[in-house]
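Asker: To start, I am sharing the structure in question, which I have written as structure tokens.
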Amino acid sequence: MTTTITILFFGVAYGMILYLISVGLSVTMGLMGFVNLAHGVFAMLGGYATVTLMNWFGVPFLAALAIGCVIVAAVGFALERTLYRHLYGRSELDQVLFSFGLILVSVALVRLAWGPLAQPIQLPGYLKGQVKIFDLALPAYRLALVGFGAAVIAGLWFAFDRTLFGARVRAAVDNRAMAESIGINTSRLFTAAFGLGTGLAALGGGLGADVLAIAPAYPLQYIVYFLIVVAVGGLGNIKGPFVAALAIGVSDTACHYFLPQVGSIFIFAFVFVVLVWRPNGIMARR
Amino acid sequence: MSIAKLSGVRLWCQGVVVATALAISALTTVEAQTIKVGMILTYSGPDAALGEQIDRAVNLYVKLHDSDLPPGVKIELIKRDDTGINPDLAKRLAQELVLRDQVQILTGGQWTPNAMAIAALTKEAKVPFVTMTAGGSAVTLQSPYVIRSGWTLWQTSYPLGEWAAKQGWKNAYTVVSDFAPGHDGEAAFTKSFTEGGGTIVGSVRIPLKTTDYLPYFQKVKDVNPDIVYVFNPGGPQATAFMKAFDDIGITKSKIKLLGPLDITYDDELPNMGRSALGVVTLGQYSPAATRQANVDFVAAWKKEYGANSVPTYFAVAGWDGMHAIYDAIKAQNGKIDPDATMKLLRGWSDPNSPRGPIHIDQAGDLVQNLYLRRVEEKDGHLANIEFATIEQVGDPWKAFNKK
């Protein structure tokens, strides 16, 4: 019984890592319809900002996370204003080529600035070791990840389903011309949504840094995970990627525990089956 | 035009050609003799830190020993990046180095899969290949032109299993990265530990690109063995393993962690933190060793790369490999013949390497001392402290498979 609960918890925690690094993409790609392969770039920058603030300037972990988020959101904001906005109406191939080029440029720049090595991260004492809850000894860091993941999904759900901002974004995504004709400034709206997406990516990169090492190859190394979560979750909604990340996390973890021989193939088989069953994702609207 | 006149012209032409050829050959003997050495390492990607260790050691050796070369002989290092475990790319790079750059010696060979691919090529190309840190036993069997300046997993894991059985531990679980050296380590430890009376109660091979190790280690914790034999390829993955062992509570339990030296990789000890304390490993080199040759080596390293940089066993494999290459070039006075080079390399020895006395045997493997080490705190830093020595170990796998 304890084992089942522990494995379930590890699965949820792993799902949360996947969710936190992918959720920003579900905003830019899922809601705004932009095929942004460069999502990992912002996650990586968030990781670098967090680690650099901690190691060089002695900023505490949580503060470094917050500052990193703001910095990267500002970078995303600037890039949206200067580069991304020219590609909104363009074909998916153009968007893919552009964002992939951005990955290559950023990988080279980051290597130049920080060198090829993975950045060491020392978590604060309260996130190390284990926390005892009744009979269960659970890793503190994973517990924190679960907490953050839950807070992020709650916040996003509220922002997109319950606020005027969310209603406007959804309206603009569904029919941009109509939204503009009733007086919504969609250009400014998309800039804000894009900034939000990149800020979330940075949060994921910083939070996950202890598991997904921060190194220049980051955007290429984990691109598969971002895309899997968004593809399985389905475009155009906030809850889909959450459900997808949890499903992948729990089933992959259970597979590693009970059938370690199957190893890394499982996640791909899982995605294959889900996409055959529901080509538009688990929670697709249409 | 008469025939006699024609042949006169031809004679004259031949004379000119011969004279020019003589002049050129005279020039080249005066000019520097440049030996091209191709070095394939991982300079980018998540494991670039390991490649950097080897690269730095090689550069340091060249810097300190270039004046030892015979007069007029120069070495040109041509470096290529294999980006990680990528045998196809490694093979292509080796091909380009041999065909286009005309290198006379190949080295690097950081990963077993890559080294296997390069080794297969040297058989045809007849280019001596000094593989520095590939730990799979079979690499030196791929071609008569391969020797190793590093170690094999059988070398580090077979004696470890013997030692573990002697400590009275009965049950072991093996946890290894799922590629050739991991399979070697698992087989070697299992063989010696069970021969010594121990039992393997479980084993798991973890894919190289795993991000979450907890489910695998939870199983280990549930089985509750006396010891866990661990292998991973060192570098950032060693830290990821150790952090996961800590997260799951194994480092603080009664279960003992053992493994080859890769799992407490010296460069990563600061990142692992106190969770690594007490882990016992068997290996050929620790920068904390107090041999004079090592003290000098570490001092030269720190002078070159800063007080915070530590040479690891990757660096020492690169250092000794370059030493062997230099000795072979010196012995041939700068003219490299592949077969003569291999003969020299196969008998090469250094009584005074930073890791103690070493020599290369006829199989092309490095015979060396192995040291049992424990992670302890020394002057405020974690270090692998040697506490026992197993003298002059060759590759046990070759001994078991002798026909």
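Protein chains in written order, with my numbering: chain A, 829 to 1114; chain B, 773 to 1175.
Using N, Cα and C, we set each Cβ at its ideal position, and we do this for glycine too.
Predicted model only: the values in this text are computed from it and were never measured.
Return the Cβ separation of V911 (chain B) and T905 (chain B) in integer angstroms, given the expectation that the two are a contact with Cβ distance under 8 angstroms.
Answerer: If you number the second sequence from 1, residue 911 (chain B) lands on position 139. If you number the second sequence from 1, residue 905 (chain B) lands on position 133. Rounded, the Cβ-Cβ distance is 11 angstroms, inconsistent with contact.
Asker: Please tell me whether Y1077 (chain B) has its Cβ less than 7 angstroms away from any Cβ of chain A.
Answerer: The residue given as residue 1077 (chain B) occupies position 305 in the second sequence. It does not: the Cβ of Y1077 (chain B) has no partner Cβ on chain A nearer than 7 angstroms.
Asker: In the segment 870-909 of chain A, which residue ranges form an unbroken beta strand (DSSP E) of at least 3 residues, counting only runs that do not cross its ends?
Answerer: Those beta strand (DSSP E) runs which fall completely within the segment 870-909 of chain A and span 3+ residues do not exist here.
Asker: I857 (chain B) touches chain A at which residues, Cβ-Cβ below 8 angstroms?
Answerer: For this step, residue 857 (chain B) is matched to residue 85 along the second sequence. Under the 8 angstroms cutoff, chain A gives no residues; its nearest Cβ is about 13 angstroms from I857 (chain B).
Asker: Per the DSSP calculation, M811 (chain B) is bridged to which residue(s)?
Answerer: Here the question's residue 811 (chain B) lines up with position 39 in the second sequence. Paired residues: B:K851 and B:T879.
Asker: Identify whether Y1077 (chain B) lies in helix, strand or coil by the three-state DSSP scheme.
Answerer: Counting from 1 along the second sequence, the entry for residue 1077 (chain B) is found at position 305. Y1077 (chain B): helix per DSSP, three-state reduction.
Asker: So is L937 (chain A) buried or exposed if we call it buried at 16+ other beta carbons inside 10 Å?
Answerer: What you label residue 937 (chain A) is simply residue 109 of the first sequence in a count that begins at 1. Result: exposed.
Asker: Could you check whether F901 (chain B) and V875 (chain B) sit closer than 7 angstroms to each other, using their CB atoms as the reference points?
Answerer: As a working note, residue 875 (chain B) is residue 103 in the second sequence. As a working note, residue 901 (chain B) is residue 129 in the second sequence. Contact: no.
Asker: Using a Cβ-Cβ cut-off of less than 8 angstroms, list which residues of the segment 807-818 of chain B approach chain A; keep chain order.
Answerer: Answer in chain order: Y815, S816, G817 and P818.
Asker: Can you name the residues of chain A whose CB is closer than 9 angstroms to the CB of D1018 (chain B)?
Answerer: For this step, residue 1018 (chain B) is matched to residue 246 along the second sequence. By Cβ distance, chain A contributes K956, G957, Q958 and P967.
Asker: Look at the Cβ atom of S927 (chain A), then the Cβ atom of P1069 (chain A), and state whether they are nearer than 7 angstroms.
Answerer: By one-based count along the first sequence, residue 927 (chain A) stands at place 99. By one-based count along the first sequence, residue 1069 (chain A) stands at place 241. It is not a contact, given that the beta carbons lie outside the stated cut-off.
Asker: Going along chain C in order, which residues have a C-beta closer than 7 angstroms to the C-beta of H1084 (chain A)?
Answerer: Absent from the structure is chain C; the protein chains it does hold are A and B.
Asker: For N1004 (chain B), go through chain A and note every residue whose CB falls closer than 8 angstroms to its CB, in chain order.
Answerer: One-based indexing of the second sequence puts residue 1004 (chain B) at position 232. In chain order: nothing, as chain A lies at least about 14 angstroms away.
Asker: Using three-state DSSP, classify A1160 (chain B) as helix, strand or coil.
Answerer: Taking the second sequence and counting its residues from 1, one reaches residue 1160 (chain B) at position 388. It is a strand residue.
Asker: Going by DSSP, what residue range makes up the beta strand (DSSP E) through D1122 (chain B)?
Answerer: One-based indexing of the second sequence puts residue 1122 (chain B) at position 350. D1122 (chain B) -> beta strand (DSSP E) spans S1121 to S1125.
Asker: Taking the alpha carbon of R1145 (chain B) as the reference point, which residue from B:L932, B:K835 and B:A1065 has its own alpha carbon closest?
Answerer: Working through the second sequence from its first residue, we reach residue 1145 (chain B) at position 373. Cα-wise, what sits closest to R1145 (chain B) is B:L932.
Asker: Below 7 angstroms between beta carbons: does that hold for P896 (chain A) and G874 (chain A)?
Answerer: Position 68 of the first sequence, counting from 1, holds the residue named residue 896 (chain A). Position 46 of the first sequence, counting from 1, holds the residue named residue 874 (chain A). According to the sequence provided, residue 896 (chain A) is Gly. The question's Pro does not apply to it. A contact, by the Cβ cut-off of 7 angstroms.
Asker: Closer than 7 angstroms by C-beta to Q958 (chain A): which residues in its own chain qualify, once you throw out the five before and the five after it? Chain order, please.
Answerer: Within the first sequence, the letter at position 130 stands for residue 958 (chain A). Counting only Cβ-Cβ distances below 7 angstroms, and skipping sequence neighbours, we find A965, L966, P967 and A968.
Asker: Considering Cα atoms alone, identify which of B:G969, B:G1055 and B:V870 is closest to F1159 (chain B).
Answerer: As a working note, residue 1159 (chain B) is residue 387 in the second sequence. Considering only alpha carbons, the answer is B:G1055.
Asker: Tell me the rounded alpha-carbon separation between S1079 (chain A) and P1168 (chain B).
Answerer: Numbered from its first residue, the first sequence carries residue 1079 (chain A) at position 251. Numbered from its first residue, the second sequence carries residue 1168 (chain B) at position 396. One C-alpha to the other measures close to 41 angstroms.
Asker: Exposed or buried, S919 (chain A), counting other C-beta atoms within 10 Å across all chains shown (16 or more means buried)?
Answerer: Residue mapping note: residue 919 (chain A) aligns to position 91 of the first sequence, counting from 1. Exposed.
Asker: Helix, strand or coil: how does DSSP classify I1097 (chain B) here?
Answerer: Numbered from its first residue, the second sequence carries residue 1097 (chain B) at position 325. DSSP places I1097 (chain B) in helix when its eight states are reduced to three.
Asker: Taking the beta strand (DSSP E) that G1055 (chain B) belongs to, which residues open and close that run?
Answerer: Against the second sequence, residue 1055 (chain B) aligns to sequence position 283. Per DSSP, G1055 (chain B) belongs to the beta strand (DSSP E) from V1052 to G1055.
Asker: How far does the alpha helix (DSSP H) with H1084 (chain A) in it extend, from its first residue to its last?
Answerer: On the first sequence, residue 1084 (chain A) is found 256 positions in, with the first residue counted as 1. Run containing H1084 (chain A): K1067 to F1086, per the alpha helix (DSSP H) assignment.
Asker: By Cβ distance below 6 angstroms, which residues in the same chain neighbour T801 (chain B) in space, the five residues on each side in sequence not counted?
Answerer: Numbered from 1 along the second sequence, position 29 holds the residue referred to as residue 801 (chain B). Reliability fails at T801 (chain B), whose pLDDT of 49 lies under 50, so the model's placement of it is uncertain and no value is given.
Asker: Going by C-alpha distance, which of B:Q1104, B:E1163 and B:I1108 is nearest H1131 (chain B)?
Answerer: Taking the second sequence and counting its residues from 1, one reaches residue 1131 (chain B) at position 359. Considering only alpha carbons, the answer is B:E1163.
Asker: Where A889 (chain B) and A862 (chain B) are concerned, what is the direct C-alpha to C-alpha distance, given to the nearest angstrom?
Answerer: As a first step, residue 889 (chain B) is located in the second sequence; it is residue number 117 there, counting from the start. As a first step, residue 862 (chain B) is located in the second sequence; it is residue number 90 there, counting from the start. If I take the Cα positions, the gap works out to 7 angstroms.
Asker: Would you kindly report the start and end of the unbroken alpha helix (DSSP H) that includes H914 (chain A)?
Answerer: On the first sequence, residue 914 (chain A) is found 86 positions in, with the first residue counted as 1. Here H914 (chain A) belongs to no alpha helix (DSSP H), and DSSP marks it neither H nor E.
Asker: Give me the residue from B:S816, B:I1035 and B:A1060 with the minimum Cα distance to L940 (chain A).
Answerer: Residue 940 (chain A) sits at position 112 when you count from the first residue of the first sequence. It is B:S816 whose Cα lies nearest to the Cα of L940 (chain A).
Asker: Looking at the unbroken beta strand (DSSP E) that takes in I961 (chain A), where does it start and where does it end?
Answerer: The sequence position of residue 961 (chain A) within the first sequence is 133, counting from 1. I961 (chain A) -> beta strand (DSSP E) spans Q958 to I961.
Asker: Cutting at 6 angstroms between CB atoms, please list the residues of its own chain near T894 (chain B), excluding the five before and the five after it.
Answerer: Translated into the one-based positions of the second sequence, residue 894 (chain B) becomes position 122. Counting only Cβ-Cβ distances below 6 angstroms, and skipping sequence neighbours, we find F901, S915 and Y917.
Asker: Starting from Q1140 (chain B), trace the beta strand (DSSP E) both ways and give me its first and last residue.
Answerer: Looking up residue 1140 (chain B) in the second sequence gives position 368. Here the beta strand (DSSP E) through Q1140 (chain B) covers L1138 to K1150.
Asker: Measure the CB-CB distance between G1033 (chain A) and A901 (chain A) and report whether it falls below 7 angstroms.
Answerer: The residue labelled residue 1033 (chain A) in the question sits at position 205 within the first sequence. The residue labelled residue 901 (chain A) in the question sits at position 73 within the first sequence. In this structure, A901 (chain A) does not lie closer than 7 angstroms to G1033 (chain A) by Cβ.
Asker: List, in order along the chain, the chain A residues whose C-beta lies closer than 7 angstroms to that of V976 (chain B)?
Answerer: As a working mapping, residue 976 (chain B) is identified with position 204 in the second sequence. In chain order: P1088.
Asker: Taking the beta carbon of N1066 (chain B) as the centre, do at least 16 other beta carbons fall within 10 Å, making it buried, or is it exposed?
Answerer: One-based indexing of the second sequence puts residue 1066 (chain B) at position 294. Counting Cβ neighbours within 10 Å, N1066 (chain B) comes out buried, since at least 16 surround it.
Asker: How would you write the range of the beta strand (DSSP E) that A965 (chain A) sits in, first residue to last?
Answerer: Locating residue 965 (chain A) in the first sequence gives position 137, where the first residue counts as 1. Residues L964 to P967.
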